Amino acid sequence: MANNIKEQTSIPVSKVQRAAKFIQTGARVGGNYMKHYAQKVVNPSMTKEQLHLDNATDIYDSLSELKGSALKVAQMMAMDKNMLPRAYQDKFTMAQYSAPPLSYPLVVKTFKQYFGESPEGIFDTFTPSAVNAASIGQVHQATKDGKTYAVKIQYPGVASSVSSDLNLVKPFARRLLNMNERELEHYMDEVEEKLLEETNYDLEINRGTEIAKACGHIENLTFPIYYKDLSSPRIITMDWMQGLHIREWLMTNPSQEFKNKIGQAMWDFYHYQVHELLKVHADPHPGNFIIQENEKLAVIDFGCVKVIPEDFYKGYFALIKKDLFIKQEELDKIFFDLEFISVKDTPAEQEYFKAIFREMISLLGRPFHVEEFDFSDDSYFQQIFKLGDRISNDKMFRKSKLARGSRHGLYINRTYFGLYNLLNQLQANITTTKPDWLK
Amino acid sequence: MTENIENQIDYREAIIQGYVEHMLEHGRQPASVFKFAKSLNMKEEEFYNYFTSFEAIKSAVWEMIFAKTVAELEGQEVYPSYTSREKLLGFFFTWIENLKKNRSYLLSLYGGQSDLKHPLPQEMKSFKSKFKDFVNEIILEGKETEEIANRPYLSDRYDEAIWLQGMFVFQFWIKDTSPGFEKTDAAIEKSVNFAFDLMGKSAVDSFVDFAKFLYQSK
Chain A
10 MANNIKEQTS IPVSKVQRAA KFIQTGARVG GNYMKHYAQK VVNPSMTKEQ LHLDNATDIY
70 DSLSELKGSA LKVAQMMAMD KNMLPRAYQD KFTMAQYSAP PLSYPLVVKT FKQYFGESPE
130 GIFDTFTPSA VNAASIGQVH QATKDGKTYA VKIQYPGVAS SVSSDLNLVK PFARRLLNMN
190 ERELEHYMDE VEEKLLEETN YDLEINRGTE IAKACGHIEN LTFPIYYKDL SSPRIITMDW
250 MQGLHIREWL MTNPSQEFKN KIGQAMWDFY HYQVHELLKV HADPHPGNFI IQENEKLAVI
310 DFGCVKVIPE DFYKGYFALI KKDLFIKQEE LDKIFFDLEF ISVKDTPAEQ EYFKAIFREM
370 ISLLGRPFHV EEFDFSDDSY FQQIFKLGDR ISNDKMFRKS KLARGSRHGL YINRTYFGLY
430 NLLNQLQANI TTTKPDWLK
Chain B
1072 MTENIENQID YREAIIQGYV EHMLEHGRQP ASVFKFAKSL NMKEEEFYNY FTSFEAIKSA
1132 VWEMIFAKTV AELEGQEVYP SYTSREKLLG FFFTWIENLK KNRSYLLSLY GGQSDLKHPL
1192 PQEMKSFKSK FKDFVNEIIL EGKETEEIAN RPYLSDRYDE AIWLQGMFVF QFWIKDTSPG
1252 FEKTDAAIEK SVNFAFDLMG KSAVDSFVDF AKFLYQSK
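Top to bottom, those sequences are chains A and B.
If you're matching positions, the first sequence starts at 10 in the numbering used here and goes up one per residue.
If you're matching positions, the second sequence starts at 1072 in the numbering used here and goes up one per residue.
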């Protein structure tokens, strides 16, 4: 597994493109073939007691070349089991769930279906080809009465394919993660729920509007306005946010001060959502941020929002308290509550996992332990990766068949890994604020 | 004279409409032309001025849907600027919209049939030839813009292949149960893209060319 992850980080762009080509030509039509292939390959060896993990990894690799989309879900959970983000960046986003671009006639048809008019009838101008790929759809630029809009259109039938795609992944994920079916189900439900939510454009508009309103006071942060009357279950119209994506912006060599400013806005944004709203934009993907000329950070795309349950919140963040000066029993209770350890574990396993999680938490919580944290410190990230490799290569860790960590942790971890990574990319120095109860 | 033609068209329309309604309400053909004509307050011999059988009416329904589709399509401002691929996509999307208006009627006729291609129902034949004429125009244009590769023997059959695709789309739609028939939209999008990828210049062409070269320079 660790090897697999290592390779994935170093995939050259051309290889990705090749894989994309693969998908285009073959695999999309070959759903049934894949199922057949899957059963044929997985079943015979399933009767053998020795599970060749390497074998599984091979299957997984070749399949992820064929069907990049759904397999990312398995990958995501592999990550969570390791708890670590070696190949995190860009990998688990719905963007992986990409569909081929919609043809313009289909765009016209979608408009007619919902508004009874073609895009040209509604807007003054409308770009016939997409200007940007969005998750599960695409973005067109439109103008009306001198204002510029971004119009996001969803591919038909995405929602119904989510469940079947996930079912396709399950047998592989199970072998790969060495989990039994019920344990896996526990994560899969969460993933499915989130992916389905992402196809619900009405929900996205409501959440986008809501979070934008609640976070409007945060410095250097800005949001597009969503236009309900120009939106439908498969079309979203919002303000066009002029500016540069993070990578493009970094190429312009912004000053350290400017980078800190943007990074701080990002940190504050997440801080406020997690600790005040208990509701978080769980997709800190570089494509979801735009840096504007007036030195403001614009947040777009609210497809993936995680609502954090109160009791999960308490337990999870209690762990990041400095030095964990909590009593052993208290800590044990939190570990149990968050499902890091379970009554099914042997005492030896319990001890082992407690030690691992303690180490992991003190490392991942480090930015919270200081007033200011420099995310440009690559050695910090190296430490995280090393720990991840070490743990995932450990026999004891691999042997355990239990799913560890609460299902809610899946997206919260992803959010923080994503945020850390973005701040690392920005090379920003951040005042790491924390809520009063954690000080 | 003009009045006369208008009258004729009206009667034609009335007969088609009456037939469709009868099918919708009874789920089967009228017992006889006599009975049907009577229900329209028409003499039997008058009926024959417009149609000679029920088959002919069914055929007219298909043609009417096709004519409407093409008219709507060509009425779209952007249509002339479409590529061949987009024109065909546009056709199918508009066609399905028009079929939708007659879905119950079509279901009563074709809902139970598993395969329409063999044999093709008599009443679809004239629609087929019009469809092929229309498609041939698109193909010709595609060849001009090199969107479609000109291949000996094969490219003469493209119209037939697209007709089969049209039947596939129709049957997919008949069975589609997804909300708003959005699966049909995806089926159209994917199958047309696939078809055009096949018809376009591809690795196979280069391969044939290369193999020919090797063979000839042996």
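Glycine residues also receive a C-beta, built at the ideal position from the N, C-alpha and C atoms.
Note that this is a predicted model, so its numbers are computed, not measured.
Nearest residue (CA-CA) to residue i, options the options
{"i": "G155/A", "options": "T134/A, A168/A, P444/A and Y420/A", "result": "T134/A"}
{"i": "F1198/B", "options": "I1245/B, V1132/B, K1283/B and A1108/B", "result": "V1132/B"}
{"i": "R216/A", "options": "H195/A, V308/A and I131/A", "result": "V308/A"}
{"i": "F382/A", "options": "F345/A, A437/A, K268/A and Q150/A", "result": "A437/A"}
{"i": "Q392/A", "options": "M405/A, F377/A, K203/A and S371/A", "result": "S371/A"}
{"i": "R1277/B", "options": "A1127/B, A1220/B, L1187/B and N1169/B", "result": "One point to set straight first is that residue 1277/B is Ser, not Arg, in the sequence displayed. Of the listed residues, the one whose Cα sits closest to S1277/B is A1220/B."}
{"i": "E1260/B", "options": "P1250/B, I1245/B and G1161/B", "result": "G1161/B"}
{"i": "E1157/B", "options": "P137/A, G130/A and D310/A", "result": "P137/A"}
{"i": "K270/A", "options": "E228/A, M260/A and L253/A", "result": "E228/A"}
{"i": "L419/A", "options": "Q122/A, F124/A and V314/A", "result": "V314/A"}
{"i": "F326/A", "options": "N297/A, H290/A and L373/A", "result": "L373/A"}
{"i": "K1172/B", "options": "S1155/B, G1251/B and F1105/B", "result": "G1251/B"}
{"i": "E1134/B", "options": "R1099/B, S1185/B, Q1193/B and S1110/B", "result": "Q1193/B"}
Residue i, DSSP secondary structure in three states
{"i": "K315/A", "result": "strand"}
{"i": "A307/A", "result": "strand"}
{"i": "S241/A", "result": "strand"}
{"i": "L230/A", "result": "strand"}
{"i": "T440/A", "result": "strand"}
{"i": "I271/A", "result": "helix"}
{"i": "Q26/A", "result": "Summary for Q26/A: the model assigns pLDDT 39, below 50, so the residue's position carries little reliability, and this model does not support an answer."}
{"i": "K203/A", "result": "helix"}
{"i": "A1232/B", "result": "helix"}
{"i": "I162/A", "result": "strand"}
{"i": "L447/A", "result": "helix"}
{"i": "V51/A", "result": "Reliability of the predicted coordinates at V51/A is poor, the pLDDT of 48 falling under 50, and the value obtained from them is presented with this limitation in mind. In this structure, V51/A counts as helix in the three-state DSSP scheme."}
{"i": "E1134/B", "result": "helix"}
{"i": "K1254/B", "result": "helix"}
{"i": "G252/A", "result": "coil"}
{"i": "M247/A", "result": "strand"}
{"i": "A1127/B", "result": "helix"}
{"i": "Q434/A", "result": "helix"}
{"i": "Y235/A", "result": "strand"}
{"i": "T136/A", "result": "coil"}
{"i": "K76/A", "result": "Note that K76/A has pLDDT 32, beneath the 50 cutoff, so the model's placement of it is unreliable and no number is given."}
{"i": "Q1088/B", "result": "helix"}
{"i": "V171/A", "result": "helix"}
Residue i versus residue j - alpha carbon distance
{"i": "K395/A", "j": "R367/A", "result": "16 Å"}
{"i": "G77/A", "j": "S170/A", "result": "Its pLDDT being 32, under 50, G77/A is placed unreliably by the model, and the measurement read from it follows with that caveat. Roughly 14 Å between the two C-alpha positions."}
{"i": "I454/A", "j": "Q282/A", "result": "Any property of residue 454/A remains undetermined from this structure, which presents chain A solely from 10 to 448."}
{"i": "E1116/B", "j": "L1269/B", "result": "51 Å"}
{"i": "W1234/B", "j": "E1148/B", "result": "26 Å"}
{"i": "W446/A", "j": "I299/A", "result": "32 Å"}
{"i": "V167/A", "j": "E1092/B", "result": "36 Å"}
{"i": "P233/A", "j": "N209/A", "result": "18 Å"}
{"i": "P114/A", "j": "S1175/B", "result": "26 Å"}
{"i": "Y1090/B", "j": "V1275/B", "result": "50 Å"}
{"i": "D1081/B", "j": "F1205/B", "result": "27 Å"}
{"i": "W258/A", "j": "I214/A", "result": "27 Å"}
{"i": "V1263/B", "j": "I255/A", "result": "37 Å"}
{"i": "S172/A", "j": "M260/A", "result": "40 Å"}
{"i": "Q48/A", "j": "S264/A", "result": "Reliability of the predicted coordinates at Q48/A is poor, the pLDDT of 43 falling under 50, and the value obtained from them is presented with this limitation in mind. The straight-line gap from Cα to Cα measures roughly 55 Å."}
{"i": "F1202/B", "j": "E1217/B", "result": "22 Å"}
{"i": "V116/A", "j": "A1266/B", "result": "20 Å"}
{"i": "D1227/B", "j": "F1243/B", "result": "26 Å"}
{"i": "K1139/B", "j": "I1167/B", "result": "11 Å"}
{"i": "R1083/B", "j": "Y1121/B", "result": "6 Å"}
{"i": "T1154/B", "j": "G1213/B", "result": "8 Å"}
Bridge partner(s) assigned by DSSP for residue i
{"i": "E381/A", "result": "T440/A"}
{"i": "N422/A", "result": "In DSSP, N422/A forms no bridge with anything."}
{"i": "I300/A", "result": "L253/A and L306/A"}
{"i": "Q122/A", "result": "Per DSSP, none; premise fails for Q122/A."}
{"i": "V289/A", "result": "K315/A"}
Taking a Cβ distance cut-off of 8 Å, strictly less, list which residues of the stretch 120 to 133 of chain A are near chain B, in chain order. K121, Q122, S127 and E129
For the stretch 1157 to 1189 of chain B, which residues have a CB atom closer than 7 Å to at least one CB atom of chain A, in sequence order? E1157, L1160, G1161 and F1164
Give the residues from the stretch 1121 to 1141 of chain B that approach chain A closer than 9 Å (Cβ to any Cβ), ordered along the chain. none
Taking a Cβ distance cut-off of 8 Å, strictly less, list which residues of the stretch 1099 to 1115 of chain B are near chain A, in chain order. none
Contacting positions in the stretch 1237 to 1260 of chain B - beta carbon closer than 7 Å to chain A: S1249, G1251, E1253, K1254, D1256, A1257 and E1260
So if I threshold CB-CB distances at 8 Å, which residues from the stretch 1211 to 1223 of chain B count as touching chain A? none
Give, in chain order, every residue of the stretch 191 to 220 of chain A whose Cβ lies closer than 7 Å to some Cβ of chain B. none
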